Structures are given as C-alpha cells and as structure tokens.
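Okay, so here's the structure we're looking at.
There are 4 protein chains.
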Amino acid sequence: MCGIFGISDNEESAKLSYVALFTLQHRGQESAGIASVKNGKLSYYNSMGLVNEIFNPSVLASLSGKSAIGHVRYSTAGSSSVNNSQPLYFNCKYGEIAVAHNGNIVNAAHIKENLAKNGAIFQSDTDSEAIIHLISRSGKKNFFEAALEQLPKLKGAYSFLFLNKDALMAARDPYGFRPLVLAKKDSSFIFTSETCAAEVIGAEIIREIEPGEAAIVKNGKISFFRFSPIKKYSRCIFEQVYFARPDSVVCGHTVQSARYLIGKYLFEEMKGVKADIVSGVPDSGSAYALGFSAASKIPYVPVFMRNHYAGRSFIQPDQKMREFTAHLKLAPIKDAIKGKEIVLIDDSLVRGTTSLKIIKSLKNAGAKKIIMAVASPPIISPCFYGIDTPTKEELIAVRLKEKDKIRKFIGADELHYLSLDNLIKACGLGDKNFCKACFDGKYPVK
Amino acid sequence: MCGIFGISDNEESAKLSYVALFTLQHRGQESAGIASVKNGKLSYYNSMGLVNEIFNPSVLASLSGKSAIGHVRYSTAGSSSVNNSQPLYFNCKYGEIAVAHNGNIVNAAHIKENLAKNGAIFQSDTDSEAIIHLISRSGKKNFFEAALEQLPKLKGAYSFLFLNKDALMAARDPYGFRPLVLAKKDSSFIFTSETCAAEVIGAEIIREIEPGEAAIVKNGKISFFRFSPIKKYSRCIFEQVYFARPDSVVCGHTVQSARYLIGKYLFEEMKGVKADIVSGVPDSGSAYALGFSAASKIPYVPVFMRNHYAGRSFIQPDQKMREFTAHLKLAPIKDAIKGKEIVLIDDSLVRGTTSLKIIKSLKNAGAKKIIMAVASPPIISPCFYGIDTPTKEELIAVRLKEKDKIRKFIGADELHYLSLDNLIKACGLGDKNFCKACFDGKYPVK
Amino acid sequence: MCGIFGISDNEESAKLSYVALFTLQHRGQESAGIASVKNGKLSYYNSMGLVNEIFNPSVLASLSGKSAIGHVRYSTAGSSSVNNSQPLYFNCKYGEIAVAHNGNIVNAAHIKENLAKNGAIFQSDTDSEAIIHLISRSGKKNFFEAALEQLPKLKGAYSFLFLNKDALMAARDPYGFRPLVLAKKDSSFIFTSETCAAEVIGAEIIREIEPGEAAIVKNGKISFFRFSPIKKYSRCIFEQVYFARPDSVVCGHTVQSARYLIGKYLFEEMKGVKADIVSGVPDSGSAYALGFSAASKIPYVPVFMRNHYAGRSFIQPDQKMREFTAHLKLAPIKDAIKGKEIVLIDDSLVRGTTSLKIIKSLKNAGAKKIIMAVASPPIISPCFYGIDTPTKEELIAVRLKEKDKIRKFIGADELHYLSLDNLIKACGLGDKNFCKACFDGKYPVK
Amino acid sequence: MCGIFGISDNEESAKLSYVALFTLQHRGQESAGIASVKNGKLSYYNSMGLVNEIFNPSVLASLSGKSAIGHVRYSTAGSSSVNNSQPLYFNCKYGEIAVAHNGNIVNAAHIKENLAKNGAIFQSDTDSEAIIHLISRSGKKNFFEAALEQLPKLKGAYSFLFLNKDALMAARDPYGFRPLVLAKKDSSFIFTSETCAAEVIGAEIIREIEPGEAAIVKNGKISFFRFSPIKKYSRCIFEQVYFARPDSVVCGHTVQSARYLIGKYLFEEMKGVKADIVSGVPDSGSAYALGFSAASKIPYVPVFMRNHYAGRSFIQPDQKMREFTAHLKLAPIKDAIKGKEIVLIDDSLVRGTTSLKIIKSLKNAGAKKIIMAVASPPIISPCFYGIDTPTKEELIAVRLKEKDKIRKFIGADELHYLSLDNLIKACGLGDKNFCKACFDGKYPVK
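So the sequence lines, in the order shown, correspond to chains A, B, C and D.
Numbered per my numbering, the first sequence spans residues 1 to 446.
Numbered per my numbering, the second sequence spans residues 447 to 892.
Numbered per my numbering, the third sequence spans residues 893 to 1338.
Numbered per my numbering, the fourth sequence spans residues 1339 to 1784.
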C-alpha cells in the first residue's frame, strides 16, 4: 500500500506536501519522497525511512517550486531499496516527469518485457515505470495527451500523480480500486489518497476523482478528462477494514463510523454472546469494539497499553533482548484482563500469527475466556491490486480451512468472522461497487 | 516530573535500563541518561532528547557493567540543559557516585547556599545535587552510611537511586510523595518509578519502598533501612490523575481502573446530564470517558484522531506552517462531532488554554453542545514536590475564581469538576494518605 | 573530473572499493557510490558527499558481493544532484547493469535526443546514460557483445566500468583521453583511474588499458577486446599538471617527478631570475617549487600553512564570518614572507582570481616582490573531455590576452608561463601523444 | 596537550572562538567545547570529536554572549570521556564559572585529596578542577580576587582562562611552561595558546602573558596582575619541536623558521654525510628537511604522499581491512625512493615504533639506505607538565640506552640525534629559559 499527495499553485507546496505525507504515514512507512517543479526544472528528494526522519528545513527549502507531488511507500518484502522509492524521476522527449503511484499494475511485467525487447531501460523494480515508457513512445505532441492515450493500456489498480514543468495531473484506474480525492485550498488544487491529509492543511474536500477519470491542473485551472469508461466500480473494501485512517471520509462517512457499525453488526451476528468486557486489538480494533459494546451493553475496556514512543526507530540492541521487548509496544493491562471473559475484536485474520501472540499474552495475564471476533470475513485470496497480502498458501483461512481449526491455532475459546453481507452494508456503497476479491476470490481484472 | 530505574546483578543492566526508560518515557521527554558500574569504575551517558534517539548499540555497549541506574527528565521551562540531565556524576571522598532523582527538594536552595558559603561547587542547577554535598561532608566511613545519616536533612519529595562501585541504593522520602517500586528478575533487584517498566522486562513486582525507607543491594543481597519514621503518608494523588501510565499498578489497582471509576463518579455527580456521546481528550481522557459511558449508557465515541507518528521530532519548517499543523497531532473526526451534544472529559484544568483550543476545534467541526467534565477538582495551588505546575497566578481556577467564568473562558456550554472526595475514593488509599495540596492548598511539608 | 575503480573476485570487494575511492577522492568530492553484485543481483549505494561521510560499516555490509565498481564525482556547477551520482543503475533486456564513467561524451546530447524521439527515458542529466541506451537497443545476444558493438558510436572521452551479474568490463575511448589502469591482487582483477588506488590495497600494477581497448573479467578470467583502432593517442596532459595524485604513476614516472622536472624547466626558461626564496601554492605548487629550487639554488621555503582539518565540512556560520575565515585554509607564514622577493609557482592560471587573492595575501604579509611562475602555458580553450574549465570568455588568457595585463590583474611583479614544449617534454610521452587542446585549441575530436 | 582561546566584547564571540579552535585543532583532537556568557548567564557546549564535527550554526547560535572561552583537548589514554572535556562548568558562592586549562598541575591529586576529605565533590578526573575548589573556599569577596589569592597554591604547568558573568580572566603559571598570548581585535581582547588562532580572525598580537601574571578583562578594559614572581622561566621547548603550528610565532620567530634552523644545525652536526636526497616524515619533518637541504645542498624530495581527506572519521570496516589501509594516510612515492640513499628527518623518537614502520615502508619501496636524523635529543624523562609522553620504561632511549641499539630497532642504517645545545640555540631563548626536562631530566617543579 502507498499514499500519494499533490498540490498546485502554492508557494509552500513542498512544506504542505510534507505535512500531508506525515498525515498519510499510516499508508506506508518504508520510504517517502517529494518532487517539486520550479522555474521549469524538477527537483526531488526520496529516502528510506519515515517522513519526519527524511525531511528537514534545508531539504524542504531545496524543493521550493509552486507545485509538488509526494509519496509514502509501504514496506514489502524483497524490493525494499531506495531506487524503488517514489516519486520516480524521468527525462524523456516530453521533458522531465515525476510520478507517484498507489496501486498495482497487473500487466506491468508483460509491458516491461515487451518494452525491454525494444531497448527500454528501467531504473527500478516497480510496476509504476511501465506507464512512463508507454507514454515516451507515444506519437502525441505533449506529455498529457500521451498519458491519456496510453493509460488505457494498463490493467490493474492505479491512482497516479504526474508532475512536469507545465502541469500536475491525476488519474484513477477505470475500476477505481484505490482512492483519489480532489480538494481545494485557496487557489491550489490538491489530490490525496485520503481526506485526512487535505483537512490537516485546511483544504476543502471537493469530490473523488472518478474511475477512468483524469484531472490536469495547468495555469491555475483544472480540466477533467475521461480516458476510459468506468468499468465495474471496484473500490477496495479492505481500505475501510484496515488501511484508512479513522478520521478519513470514505463513501460519505468516516472510517471510524463504518467500523463502529461493523461492531454493531458483529454483535447482531453473535447474539446471545456472554462476556464481561469487549476490547479491541490496537489500534484499528477499538472502533469495532466500541460499536459492539454500544449494541451489546457489554462494557468496553482497553486491555492493552500501546507505547506512543514506539516508532520504527527503537533499536533492539541484540537478539537476547527480544524477549524483554515483547511487551514494549503492547503491554497487557492486568486488572482489566484477570479472570475476565473477553470479546476481543481485530480487523482481520491474515496469517493468524499475530492473533496467536496476542491471545497468549491475554491468557498469561489471566483472561478466563477469549471470544475472538473478526471484523471481516475469512481472507481466502491474495490481493493483486496493491495490498501486501501473503501467498494463498500462507493465508490461515486457506491453510486450515475449518473455522474450528483456526480457532485452535490462535488459541481462542470462540471465533466469529463478520459476514460479507454485513461488511458491505457497513461500508456503504452496495454490493456492486466494491472489490472484495480477498474475501470471495472474484477478481475484477486479471 | 521524572522517571527513575535501577537494576543490580545483571549482565544486560544497561540494555534492560534502556528498555525500562523507554517504558517510562511518558514521565519525561527532555533528557535521559544511564550510568553503569564496571570493574569498580562508573560510566555514564546523558543527552537531551528521547530515549530511542539517545541510545544506540554502541552507546549501550560502552555501559557494560552489571549494575545500572537510569533517568528520564521532564521538560520544564528555564533549566533545560544537558548539565541538568541525570544521572548526575560525582567524585568525592567516598569515590564515584551516580544519582538519579525524582521529586523536588524544598530546602535545596537553602542547603546549597550554606554549602556554597563553605566552598561547595555545583555542576548543575538541580536541587538533586544538595544531598551529595551533604553526604560528602559526613564523617561516616562509607557512602551508604553517610547517605542514611544525611537524608533526613532534606525536606520535600524525593525518590533517589544511588550507584557506586559497591552497591545500588534506593531511598524514598518520609512522606512518600513520589512512587518507588521494588521488583525482582532472576537474581537482579530492580527499582522503578512505575510497575510498567518492571513488567516490560519480565520482572516480578515485590512491593513499594516505604516512605522513609532505604534499600541497599550489595553482593547480590538486599538490605532495608529506615532512615526516618514515616511522616504523614502523602502520596501524590495527581500521579493517578495525569502522570502514571494506565497499565501501571498504583495503590493496588491499575491506573486505568481508577480512571474508569472516576468516570463513573463523574456521572453520578452530574446525574441527569443529557448528551449524544461522551468522549475524552487523548490520551488520558479516554479512560475516564469509558467509565462515564458505562455508568450513563451514553455511547463513548472518539472525537479526535491522534497521529501516532507525531513524536517530538516533527520539525515545523517555519512559523507560517504552524497554522497548517494545528490538527496534525489531534485531528477532529467530523461525523462523530457534527450536530452532537458531547460530554468531553479531560484529566484536569490547569491554565485552561488547551481546553479552549480543543473546544474551539470541536465547535468548528459542528459540535452542538460541549459539556466539559474535569476528572479532578479545581487546581488552586502550585506543586512544590515535583509536578511542573505554573505559578498560582496562572492557574485558571485562581485567576477566574468562579466556575462560570472558567466555563466561558474555555468556551464550554457546561462545566463540571469532580469532587475531591470522589477523587480520593477512586484513588483508593483514603483521605489521610494522599498529598492533594494542588487541590486543597494543604502542603505536608514547607 | 571523476575517478573510477572496479574489482572482481574478492570477498571484500565493496570494502576495498571504499578504500580505493577514498584514495581517489582528489578526483571528485561531490558524490560517491559503489555498486556490487551478489547472487546475480545488483545493489548500489550513492550519495552526495565525501567517501568517508557516505559509507559506514552497515552500508558496506549491504554491498557484499564479490565484484564491485565505484565512482567519485567532481562538483561542477548546475548539475549537482544525487540522480547524477554514479554508479548509475539500469535494468534492460540484458538485465541489471551498473555503470561508472570518467570523461565526457561529446555527442551524448545528439544521441540522447535521437533516442528520446524513439521513446528512451533518462534518469539523469549525465552524458553517461547515452551508451546504455545504445546498448539496450542492440540486437546482440548479450550485454558485453552489445557494448563492444555500440561503444564506437560514442565520440569524446570515456573510461567506463560496467558491472552486471556475469562480469566486470572496462573500456577506454580510442583516443585515451582519460586514464584507466589494470592491476591484480591475488585472483582479483582491478581497474582504476590512478595507480595510487591500486597500490593502497596492495595490488600490483599490470598495465594501462589501451585506447580503443576493452577488458572483460568473467569467471575469474580476463579477456581483452579491441572495439576500435587507436585513433590519435590523446592522453590529457592536464592530469599531470593538476589532477593526478603526486604518487600516482603516469607515463612511466610518478606525477611528483614530472612536476619536479617542470620546476627545473621553469627555472631554465627564467634564467637569471633573482629571488630570496621560491615557494609553491599548496598543494600542487610545492613539487614544482622544489624542482625550481634544486635547479636555481634559490631556497625553497613554504609561505602558506594549510589547515589539515579543513575538509568540506567546515560550516561558515554566516556571511559575516567569511572575512574571518579567509586565512582558515591557507594561512601566510609571516617571517618567511616579510621583505622577501619570492618566486611563487602555481600549476595553472584559469580565471586568475585565486592567484589574485593569494598574491594579495602575500603582499599584505610583507612580500617585497612576487615573481609568479605558472607551471603550464596559458589556457586558451575550454576542455570538452571532462575537465571542468570555464567558458572561453572567462579564461584570463583569453579575456586579457596580453601577459602584462594578466600580470597586473593578479598583482604580480613578474609573470612567466611554462612553454608548451617543456611541458610536453616533462610529461614524457612526446608531442604526438597528448591532448593539449586547452593550451593550443587543437581538439582531437569534435 | 590542549589549546585554549578566549575573547571579550564581541557579538560574534562564539563564532570567532569556533574559527580559532579550528585553527588550534592540532593541539587536541579528542574533544572541544565553548562557553559563553550572555545576560549574566553561562552557556556551554562540549563534545567528543573534532571542532567541525561538534559545532553547527544552531549550537553556535545558542552560545550568543559577548564573551567566550574555548578549549580543544588531546586524546590521552584512559581518561577519554565527555565529563573531562572542557570548558568545565561550576556554580559556587561566586556564581557560575567556566574554566579552560592547558597544562598539568603536579600537586592536583594532593590538593583534591585534601579537599575531598573536607567534602569537596568533583565532576571530572581532571587536575583542572583543583583550582576552582580552592577558589570556592576563599574568603575573598569576589571570584577574581579569590583566584589571584589561590593560584599560587598550584604547582606545575597551567595556562588558565576563566569566564564568569562579569569578566574574562587569563593566568599563566610562574614558570611559564605553556604558552599564552594576548591579542586585540577592535575592542575585543583575545587570549590564545598560539598566535595562529588570533591571526586567522584578523587580530593583532600584543604580547605574551608573562609567567606568574594574570589579566582580567572587565567592562571593556584590561588590567594586569602579578600573582607570583616569575620563577625560573621554563617554557616548554618541545612545543617548537613538535606541537606548535609552523606559522605560529614563538619566542619571536615562526616555528617553521626554528625548524628550518634546526635542519641546518643537524647538517652541521652530521657534516660529511652523503645521500641522494633528504626528506621529512610528514608533516612536522618537512621543515627540518628543508633546512637540512639548504645547508647540505642535498636535494629535498618528498617521499610520502599524505591523504588530505584522512581525518579521524575514516572508518575501518573491520580488522581484516587494516592491512589494506596501512598506506592510506601515508603512501610512499616509489620513484622518489627506489635506489636512493635518504636522510630522513623526524621531530623526535619517543617509543620508536612509528619510525620502525616508516623506515620499513621506505625499504619496501626500494630505499637503498636510510640515514635517520632526529630533530631533537634522546627523550629520557617523561613530561609532568602537560605533554602526553609514555612512562620512562616505554621511552626507547631509556629502554635500549645505546644509540646503535636504537638504530637497529628502528631499522635505520645510520642514526643521529640533534644536540641539546643546538636545539636551544635554534629555539632562541637561551639555555636558562626553557624546560627541557624530557631531554635532561631536570624538572623545574616537582
């Protein structure tokens, strides 16, 4: 997963991008970067690490143009290196281009292989490079026309931001897998993965960029283009379950309120459940648990203390120390746990290994009974559209198949998964409009 | 406020201190340090900043002795400099000594002035230096005897850890203002400000060091000494209201459970209150709000999103950016707020300026009514025992006197303070055992 | 100017590259980088800054392959950014390639323009990218065949190192502008810009790579290829005048001994000159001055103290401080200067502004007479082959034309330039084998 | 050894101290610090490392007073830690004091022991603390009177700078072991260990502070005090041999010119010596070698290339790399060495181990004969006045006694030491005025 942000026509474009990326940090902690255009020349600065580790006043001062795009990247196994960090920089016949991409292009390998046969050279392992090479081979007279011409050749999930010396462009794939929101602040146009990054800088949310739509901001004006008809609208339902920030508005409601509603539906599905308290696995689990508590009248009590200083920079001096640091990030709150029957809610079960550790920690702290409630259905298929799920074989719902085996594996006394119907109902767009391939195996694009 | 930690007889003493200080980080973010003794020689490393910024494997490797003490220091105005960071290091006729102190010695200035007249030299602005100078002038034959002899001369609040080449010593003032807990892990003895720092490294809590008691760990054995009778037990009640970590055990219960109970008492005192939701100011407010919700059946809904990456290292590029970063740390969750009547709970009202901003932010997000509930009584007197309160004149309860004026100042529609009786009841030791001078102006020591 | 280094078949390839680049640091202080190949996969690490600032044990540990190439880059105006730092990384139909380049390709802009028309995308401003794009469009079956096929299309100066998963390749342009030396250490083959970088790691110098020659090291064996006949041998004569390290062996002698000889020739040309002392502008000037002193019997006395700690990391706190730091790097030694008639030798006169400052500093320190002797002829033409000379208009010998006007401009009492004949004689290859375009305007390639 | 610098009445006091300390860096590379006084309050910043690594614009901005003192400290075994770095900070009955000290107080241990018996507490291992404790016990009414009263109690070598809120004070011991120079720049008074640090900031040298003299700068005026009669003038002769920077003026001449003269005397003492070239061990050896060459007409030729980037920050990735980095700092220049009979001059022979390595390196490079000439007499006694010499047993002249055994140990073909008479003659003050205890064992103070 990744987060993208772009802003036009603002003297503080890089600084506002910095604040925005900081707010989108939950979408990617591996690397971050900002590209800016000034006097017709692009500058950029990418690095591994967190937004607040990477940027300092002198770096931001060096990115002093009026338009900027930025990117935060999620840490996925195997391809973690600075040449994969974004925005990517390119120089082609249309001049300098910076690109930020959220999503996953299914036919990228195929496109890149064909391009390479004809002499194309790549600077990264990313699928994001494919589109630029397609564009650079276009016969169109400028970059943006070429982009509109070539985007339909891509299959898969993409929300793109392009920046060149003339304009800032946003484009969203025809299925609308990944979010892309348009906002405005004074005379600046803003594109962002989530509304929270626009609100933090005082911008007004306008609307989402539609599937198959592109927007180009040039000379202070915005124009909209449709480069493809909307295919089957396939917004990722997992964004609301896990990725998006609780205060972001998605499908007309905040993510927090959808999760609260899910909590209520969970209780309805588990009617008759008896427990002393309900709690959630921090951080996303707590909103579900609050909804469950409101519906069930079972009191909501936090059972874990999260260390607010535990960022990625905590250095474990050596292997031997790991045992002592097990509770460093998540410490059990003993008297909330001891002797209690607990409904514990987590957003999802992927491999099951984290739940196993958490339930063990609760049992060690004296929990009498753990009723595990999962705020989404079993995950049975990997995501090809940008979420970093493991292979099918590693998914616990595939590996162990039966619910009771899964329950045993994670050490819970009871286990309940939310039904897909209720998930869809809570997320608010109706059955037809979500990609829920991870839960039902039906992929909108292959 | 500060946090202290000490450990004996452990090959990993500095590393475990590091993990423990990280867990005590909430007690002080200005500076941190660790001193260790190896082969009869003390080493120490102090620096401004957060624990995880200061220590790295090579620094920890340089602190390789079997006993260590550590300290985190709170940022208080005016005296923020590295020579005030602790542990303090001294070399006197008893050899090398490192000292870590939590508290405030009321007669330190008087003692230091007298000492200076007789030629004493100080390396810091801290009151903590006074005791070492008293000790160094003792006629006793070793450091620890001298310490036991001199400690009674100090007035005020202190939990001390002393480390020299022979032993690790802990001492708590005769009033017991500040916490000091004894724990054990294998053959190591541990002293800590809060239980959470012992539990994180898998230690077992033994008991509190009593007021007027000292403990000395030498050659793997612990001995206890009473250097003063217990004066009026005066444990700081504000620790539970604000400072302590929710999962720490204080007075036999976790801090979280005391706060939950306070939330219930608040509702009892406000019987008949009508609201759509109850919420808390992050982070300490949420436990109160959950208790209030449980008692009132008014649903608890978070109204602010806290940015988990917002540590102190976020650099505001310039003054102009401040307005854009107002919501960076605490972003209002709009659909939880809009049109709602909200009971908002905060731990305390000091100057009132933070509440003013928070209520303004909620009103801007569309809150219909804010019923402010404060989880403690009005603060009417400054603390002289280690809590960084402003001068009497700056306290809003002193400055504006009448509750209704305070309510207007902070912009609330209603305002309620918890009664002192209920606070004491919730905190669990009974009227006689707490220092509550900030609420009633009755100082145990002057 | 830049420096390059490559090594095959060595467990310590990155570490040895690091030591070697440190020794080549005088050839470029803007950026440095190392690429290494391990288990068929390339890794690289480039950064702005000095070699010892960029690399640390953990970075070097991440570059753990058996073959490596490295690069140091000179700071030239306008194009200083990390995407221009080398080695450059590419992924094309032949797989991953890293490239390090010393020189300047005259027809790069033309080639890149044509490539861009056909869709090529560039990641840097460098001329070095041109060759990779030519190669990636070849029909040959492997990278090295393709390279040998395409290299002849380049015009200008180049010493290249290429690294891919199979082999390490070195190639030198058919004119031999820039140096490229082959050395051997145990079973490792080494390519280096200067001999000093091979000697520092205990390698044995074998010979130079010839103009138009390529060498490929694969499976522990080296093979030599001629991809072009030698054109007119055009080794850069300015390397010996200014760039190369005194202990490097060039044309069969150390650079220091060539400079010593030049000092002698200077005296011969200035026969009858009278002075109290002869001195050189640090650092390159001293070798000339020693030769002059030996021939003239005028004592050599240093007149400037160079601060050995003055690397690039000295931060001038503000503009106001600049005046105080004028002598920080080069402090006049007063009693060596006062009242003296001084023959002062510098390697070359480019813009003349540095000489002006230096002579002013000597006069302020009481020098009676400054006889400026320049160890090379007037520079009348810019270099197109990799030396960072200013535009023709900025060259003092072009701008002021007459020697006496130049003398007046720099503030010298007398001025003498070395003759081109003597320069060639001292440098040791004979008239026909040097590029001396900067002195005579005759460019071997256009 | 250490270097000290102080400046009064200058808005840029800390920045000028920074530039000055940078120029005094050769006197100490272990740690550095600056203390400054502003609005009656002292600030200071000390750290391990080099001046340009420690200070940056924000640190310097925090030291914004009008008067400042600074210190660079030499790395000596065993006591390298930040609490020994200077300026030291103290707070006593006279208020805040910062102290910078160059030298060694012989009776410090005795004084400190007595003080400790009476309750004194020390913050460092340094002998420098003794004086402050003596002062803090004085009955005098202000700090400076107390200092003048107490300084005579110290035995040994000291040049002190004291800074408090009122004034800047300099004091030099009655023997004048260590240098201390007074200079002036506009209305600022300056004290410095060496003239070079005053000249670099454009100050005018006034005179030396005399042995037993103190100077106090207050309210823009300087006053001089004699706190002791001059004892036997005992200026350290080794400063000129080894420590001082060539461009510093000592005893009326630059250090470079004294070394040049020593080179001449060496030749006179070695009359009849035959060699192809004369050379020096960088850096101090070259001035001697130039004097020798001028007298002998044997050509001076550098035989080593010193890497100008080799500061202390070069990180040897691991043990295995050490062999490859032997020549990193000092690379032999082969064609200057091969087949040559070389007079090699070094400043002194201490343990002999460095000479052994250097001569081995020359022989490996083909030197035919090494005639080692040492620019000082045999060192037979350790220094107790501030130079970091090893114990008597480690001194090669003590250990091996006979010159021929020493010659064999270092691997030279011939060995000559300068006579003490000629050293004294060259250094220019006459027999009676130098401390030459390291050469003759006669200690002025015990």
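In this text, a Cβ means the ideal position worked out from N, Cα and C, and glycines have one as well.
Quick caveat, the model's predicted, so the values are computed rather than measured.
Next on the checklist: Going by beta-carbon coordinates alone, are Asn996/C and Tyr1277/C separated by less than 8 Å?
Outcome noted: yes
Item to check | Cβ contact check for the stretch 1259-1273 of chain C and the stretch 1296-1314 of chain C: 3 or more pairs under 8 Å | outcome: yes
Checklist entry - For the candidate residues Ala616/B, Ile652/B, Ala704/B, whose alpha-carbon lies nearest to that of Lys631/B? => result Ile652/B
Checklist entry - Counting pairs of Cβ atoms below 8 Å between the stretch 1359-1368 of chain D and the stretch 1459-1470 of chain D, do you hit three or more? => result no
Checklist entry - Counting contacts by CB-CB distance shorter than 8 Å, is Ala613/B in contact with chain A? => result no
Checklist entry - Along the stretch 1483-1504 of chain D, what residues have a CB closer than 7 Å to any CB found in chain B? => result none
Item to check | Exposure of Pro1121/C, with buried meaning 16 or more beta-carbon neighbours within 10 Å | outcome: exposed
Checklist entry - Mind pulling the beta strand (DSSP E) runs of 3 or more residues that sit fully within the stretch 159-215 of chain A? => result 167-172, 181-185, 188-192, 204-208
Item to check | the stretch 1449-1481 of chain D: positions lying closer than 9 Å to chain B by Cβ | outcome: Lys1450, Glu1451, Leu1453, Ala1454, Lys1455, Asn1456, Gly1457, Ala1458, Ile1459, Phe1460, Gln1461, Ser1462, Asp1463, Glu1467, Ile1470, His1471, Leu1472, Ile1473, Ser1474, Arg1475, Ser1476
Checklist entry - From Gly33/A to Arg178/A, what distance separates their C-alpha atoms? => result 20 Å
Next on the checklist: The alpha helix (DSSP H) that contains Ile1696/D, what's its start and end?
Outcome noted: 1691-1702
Item to check | CB contact below 8 Å: Glu1537/D versus chain C | outcome: yes
Checklist entry - Does any CB atom of chain A fall closer than 8 Å to the CB of Glu835/B? => result Checking the sequence, you will find Thr at residue 835/B rather than Glu. No, Thr835/B does not count as interfacial toward chain A.
Next on the checklist: I'd like to know if Ala1582/D contacts chain C, where contact means its C-beta is closer than 8 Å to some C-beta of that chain.
Outcome noted: no
Item to check | Against chain D: residues of the stretch 1133-1158 of chain C by CB proximity under 8 Å | outcome: Arg1137, Pro1138, Asp1139, Val1141, His1145, Thr1146, Gln1148, Ser1149, Tyr1152
Checklist entry - Should Ala1541/D and Ile1528/D be called a contact, given that it needs their Cβ atoms to be closer than 8 Å? => result yes
Item to check | Segment limits, alpha helix (DSSP H) that includes Asn114/A | outcome: 108-117
Item to check | Nonlocal neighbours in the same chain, by C-beta distance under 6 Å from Leu1312/C, ignoring five residues either side | outcome: Pro1269, Phe1331
Item to check | Candidates Ala1485/D, Ile1435/D, Lys1493/D, Gly1433/D: closest to Ile1449/D by CA position | outcome: Lys1493/D
Item to check | Where Asn1421/D meets chain B, residues with beta-carbon distance less than 7 Å | outcome: Tyr535
Next on the checklist: Just to confirm my understanding: we take Phe536/B, look at its own chain, exclude 5 residues before and 5 after, and list those with CB closer than 6 Å. What are they?
Outcome noted: Ile543, Ile578
Next on the checklist: Can you look up Lys539/B in the DSSP assignment and give me helix, strand or coil?
Outcome noted: coil
Item to check | C-alpha distance - Leu1604/D paired with Asp1585/D, whole-angstrom precision | outcome: 21 Å
Checklist entry - For Arg1127/C, does the count of other Cβ atoms within 10 angstroms reach 16, so buried, or fall short, so exposed? => result buried
Item to check | Same chain, Cβ closer than 6 Å to Gly898/C, five either side skipped, listed in chain order | outcome: Ile961, Leu1053, Leu1060, Phe1083
Checklist entry - Of all Cβ atoms in chain C, is any one closer than 8 Å to the Cβ of Met1339/D? => result no
Item to check | Short CB-CB distance (under 8 Å) between Lys1431/D and chain B | outcome: yes
Item to check | Inter-residue Cα distance where the pair is Ser1617/D and Gly1779/D | outcome: 30 Å
Checklist entry - Under a Cβ-count criterion, where at least 16 other Cβ atoms within 10 Å of its own Cβ denotes burial, should Ser187/A be classed as buried or exposed? => result exposed
Item to check | 3 or more residues per run - each beta strand (DSSP E) lying fully within the stretch 930-980 of chain C | outcome: 933-940, 959-965
Item to check | With 16 other Cβ atoms within 10 Å as the buried cut-off, status of Arg226/A | outcome: exposed
Checklist entry - Are the C-beta atoms of Asn422/A and some chain B residue less than 8 Å apart? => result no
Item to check | Short Cβ contact (8 Å threshold) for Pro211/A with Pro152/A | outcome: no
Checklist entry - Does the Cβ of Thr1592/D have 16 or more other Cβ atoms within 10 Å, making it buried, or fewer, making it exposed? => result buried
Next on the checklist: Let me make sure I understand the geometry here. Which of Ala1358/D, Ile1554/D, Asp1742/D has the alpha-carbon closest to that of Val1410/D?
Outcome noted: Ala1358/D
Next on the checklist: Can you tell me whether Val1147/C is helix, strand or coil according to DSSP?
Outcome noted: helix
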